Amino acid sequence: MTRDQTPSIDDCAVLTEVAEVARRRSLDRDAPIVAIVDGLVADEHVIAQSAGADVVLVGDTVRGDAPGLELARHAATAMAARRTRITRASRRAAHDVAQSLNLIGLTTDAAQHGRLDTEEALQRIRDIVDDAGDDVWRSGRPNRCGLVLVPVDLCALVRDRVDAPDITATVPDDDVVVLADEHALGHSVDELIANARRSGATDVRMSVWADREVATLRVTDDGSGFPDDLPTEIGRPFAAPSGSDRLGLGLALIAEQADDLGGALIVTDPGHGAAPTTVELTLPRFDRHAPDTTAGSPAAVEPSDQVGAQADILEGVVRHAPLSESLEAIVAAIERQLPGAVCSILLLHEGRFLRHGAGARLPLAYREAIDGVAIGVGQGSCGTAAYTGKPVIAADVTTDENWDDFRHIALAHGLRSCWSTPIVAAEGGDILGTFAVYKPAPWHPDEAAIRRVNRFTYLAAVAIDHHRLFAALAKSEARFRSAFEGAAAGLALTSLDGTISKSNPALSRVVGRSVAELAGTNLLDLVDVDHHAAVLESWAEQRDARTSTLRTVDVPLADSDGDAWLSLHSSLIPAESGRQPYLYVEVRDITASRRQLADLRAREVAEAANQAKTDFLALASHELRTPLNSILGFAQVMQMVDLDAGQRADSVEQIVSAGRHLRDLIDQLLDLSRIESGQLSVDAVPVDAADVVGEALELVRPLAAAREIEIVRNVDDTTPSALADQRCMRQVVINLLDNAVKYTPTGGRVDVDVSRVDDDTVRVSVADTGPGIAPDSLDDIFQPFLRLDDATVSGKKGTGLGLAVCERLMREMHGSVAVVSTLGVGSTFHADFPVASRNAVSAPHDEPESAATARQPSGRGTVLYIENDPVSVEVVRAALRLRPDLALRSAETAAAGLALLVDDTVDVVLLDIGLPDRSGWDVLGRIRAARPGLPVIVVTAGGDDGPDDARPDRRFDKPLDVRAVLGAIDAARAGTLGDDLTEPVHALDQ
């Protein structure tokens, strides 16, 4: 049989000699072989299987008969055929991949040197990519070839699988038996039915028939057919064009399995036009009732001493006896059974030289003379046998041409004949050495002698393989031990519960305990107790999943108060047969790295904070410069140009408007600063949200009315009090209402709702009919200085800080603010406050100052302004020109101002807080002590609220609202200053 032929049953060899099995397998790796062995001879079954027989039967080794021989021949042929196809597919895949890589290299090289058109190069690569799927499929075939072959009645299998009303099955009553994997064949039937249904078939017909050699399963359906140009590509896994319901991995797998069994999957009618689609699955038929030869006499039983010798040798191999001991035992056993023979075993080294392995009775001088002989034809019986892989019998060394160079050595030691058999590894077929039988006279072994030597040659192969395997294992263990002990990281081998069986010196250094102290303790004892659960969880995940995947847990060292940290890298070592799996744990001290990481993170946070501060200052600078530009610009125009009354009034209005915007901006920047720095005092008490909304509406309604915006208030009377700071809540509601009115077009509507969302939340909602907010802007809507592109819809420019203040005030009150918006519909802002408990104390209400204690106006009066800024004094002086009955006296220091108070003619005091010699709050306290009824109005550029016991009658933040200041002075002279506002006025109240 040639290399690329698929074996048939006629190629199946039935052999009765183990040596012949090995010889035949070495000559033809793919040939189907059935071995018939003597059941009474120990180990012969195993030896025949190891020598390469596909199927081994116990029967008559003389006549070559055994029960089930016909079945064995079919099974052996199927296995050999599958082996051939797998080899062929793998070889072809490797060839295609190599050819593709070579073509890609050549194409790339040609393209780089300008010898190939780029499009042509790309096309070549595309062609290679198109075939890559087939190569991958072929290379994976060995992993899909695990078929379990048994006789299967195809008719019975089809009857069992067909139970749907859309399927009609026609099968004969007789058995149609094939040799196949019953589970895989059943899935193939199911896939053929599913393939028809996927194509839209409503009528599927199945039929089974057979002739002497082939069984056929036909499937006909009325679904859409196969693609016109691909009816023969049924075995390709990636041949399905877009939209095809037919071709795919399912049919490819069926075709591959059928090919493994010597059959095929064929499209006999692709179903074009109105014709039905027909697919046929063919498999070789197996006649399980073929006559078998069951009679015959068993071969003679080998002598009991040979069986005992084999058992003793195998026992020595299992207990890891030295190789020389096992090989000497094999040589001695053969010498006992071949009278007059002297035997030896030579071992192959480096694939080129033979060196002495066993043979104590062989003359020492002869052993030394041939030790290290190179293998090759003409190198004596042993050198030639090791080179050719075949037994070499030199019946008479005086005439054998392989002994020309060694004849004199053999004759000098009385060796006249030499029969050498190669020792072949059971796995892989490598030559391990030779087994030689010498006799002092010409001699040719008989069949019995060959059988005996073949058995013990196989034992020698087992012994050598076993020794090499365990030698490699011992070397590996030594390397592991050296690496384990010398590793820089702490290492431990533990049971699944963490008990340490072995540790290395590095672990001792990490945890401060000796190797002896660690032995038998639990690794968890080294870990802080609060982190035991995390370690146990990682171990449990590995144990339950039975995976060696590395798991890492960082934990503090026990008794270190969190100052020392360990990183535990654990992996599960699978168990050997009869043993429990265990854990390999690498322990590293990560204290320094954690500190470095913490320092790095702190540095990153600091850098981020500095960057944020820089960005904020840049934004603030930009926002401050914009109104300043208007103020300075119009002021310079007024200086340079003689404007008429109208133009002058417009310029003044622009300056005033920009100044007010600048004041609002500064006020809200101060608010943000106080909130972010924690200087905002929040007094959370039960607050009636409906009342706060009412106060806010009174301030916002004039702006809404001016633009014909309807404000609708909806209050649920069952809403409980909210737990909030009343002043902060009012500011939040005012900001939300102002924002809604600002962005609602003329004639629009704003809805304000107060309700209880759940048992824990009171909600104030403000909804507008403005342009809405784009989804990608929602996440940044509460950032400082963010203004939407449509902010000019109301004609009023905002500071961009209102919503940012809202968000931070809500955070300070343990509430939250959120927005829901739809472009073109509007936005709804929700401010959620905690519900106040029934036992909470409501906010106190300050009683207004009694009018009886207020000074009454008495014609002309005097205002004392204690202020170190001359410009501010001149602003007030200019404003008082509107009150010609009032005189202004000023003092630049606290001391000068207190001295002027000795004069009882002062009616009202304007007091700046930032005085050069002492705080204005201290001056206020002295005024209250000296002149209790004297009205004091504080004006300041700072955000300091002052001590609780120093409360002015009114407070204004610079820049001043001149009309408001004049109104406060008038009210103070009239004795009504405390009637409309008794608490300090600052940005949050404006």
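Numbering of the sequence shown is given in my numbering, commencing with residue 1 and proceeding in unit increments.
Glycine residues also receive a C-beta, built at the ideal position from the N, C-alpha and C atoms.
Just so it is clear, the structure is predicted and the values come from calculations on it, not from any experiment.
- Counting along the chain, the unbroken beta strand (DSSP E) around Pro556 starts and ends at 551-556.
- Membership of Thr494 in the beta strand (DSSP E) is indicated by the continuous run 490-494.
- Ser657 is positioned such that its CB atom lies no closer than 8 Å to that of Val637.
- Pro7 and Glu280 have their alpha carbons spaced roughly 23 Å apart.
- Annotated three-state conformation of Glu874 is helix, per DSSP.
- DSSP, read as helix, strand or coil, puts Arg468 in helix.
- Nearest Cα to Ser571 within the set Asp589, Arg551, Ile590, Asp561: Arg551.
- For a cut-off of 8 Å, the C-beta gap from Ala689 to Thr718 is around 12 Å, too long to register as a contact.
- Counting only the Cα atoms, Arg29 lies some 10 Å from Thr87.
- When His814, Val58, Pro227 are compared, the shortest CA-CA separation from Asp725 is found for His814.
- Distances from the CA of Ala274 to each of Val318, Gly250, Thr220, Arg285 were compared; the closest alpha carbon is that of Thr220.
- Around the Cβ of Glu710, a 10 Å sphere holds fewer than 16 other Cβ atoms; the residue is exposed.
- Excluding residues up to 5 positions away in sequence, Asp54 lie with their Cβ nearer than 6 Å to the Cβ of Met79 in the same chain.
- Here the alpha carbons of Leu966 and Ala645 stand approximately 25 Å from one another.
- Sequence-distant partners of His349 (beyond 5 residues in either direction) whose C-beta falls short of 7 Å from its own C-beta, in its chain, are Arg355.
- No residue range can be given for Arg513, since it is assigned to no beta strand (DSSP E) and is classified by DSSP as neither H nor E.
- In the structure shown, the three-state DSSP call for Lys390 is coil.
- For Asp260, the uninterrupted alpha helix (DSSP H) run begins and ends at 249-260, by DSSP.
- Approximately 6 Å separates the beta-carbon atoms of Leu261 and Ala180; this is inside 8 Å, confirming the contact.
- Taking a 10 Å sphere around the C-beta of Ala767, we find 16 or more other C-beta atoms and assign the residue as buried.
- Val693 is a Cβ neighbour of Val733, given a cutoff of 8 Å.
- Between Ser827 and Ile913, the CB-CB gap reaches or exceeds 8 Å.
- Counting only residues of its own chain and dropping the five nearest sequence neighbours on each side, Gly263 has a CB closer than 6 Å to the CB of Thr282, Leu283.
- In this structure, Val715 lies away from Val682, with their beta-carbon atoms at least 8 Å apart.
- In the structure shown, the three-state DSSP call for Arg918 is coil.
- Between Val923 and Gly897, the gap from beta carbon to beta carbon is short of 8 Å.
- In the three-state scheme derived from DSSP, where H, G and I count as helix and E and B as strand, Phe226 is classed as coil.
- Residue state for Trp443 is assigned as coil, using DSSP reduced to three classes.
- Assigned with DSSP and collapsed to three states, Ser630 falls in helix.
- Taken atom to atom, the span from the alpha-carbon of Ala608 to that of Arg601 is near 10 Å.
- In the assembly as shown, Ser593 is an exposed residue. Its beta-carbon has fewer than 16 other beta-carbons within 10 Å.
- Per DSSP, Asp961 is not a residue of any alpha helix (DSSP H), being assigned neither H nor E.
- Annotated as proximal: Val152 and Val178, with beta-carbon spacing under 8 Å.
- Contact between Ile500 and Gly520 holds, with the beta-carbon distance rounding to 7 Å and staying under 8 Å.
- Of the candidates Asp190, Asp175, Val176, Leu185, the residue whose Cα lies closest to the Cα of Ile167 is Asp190.
- Nearest to Arg625 by alpha-carbon distance, out of Val641, Met640, Arg663, is Arg663.
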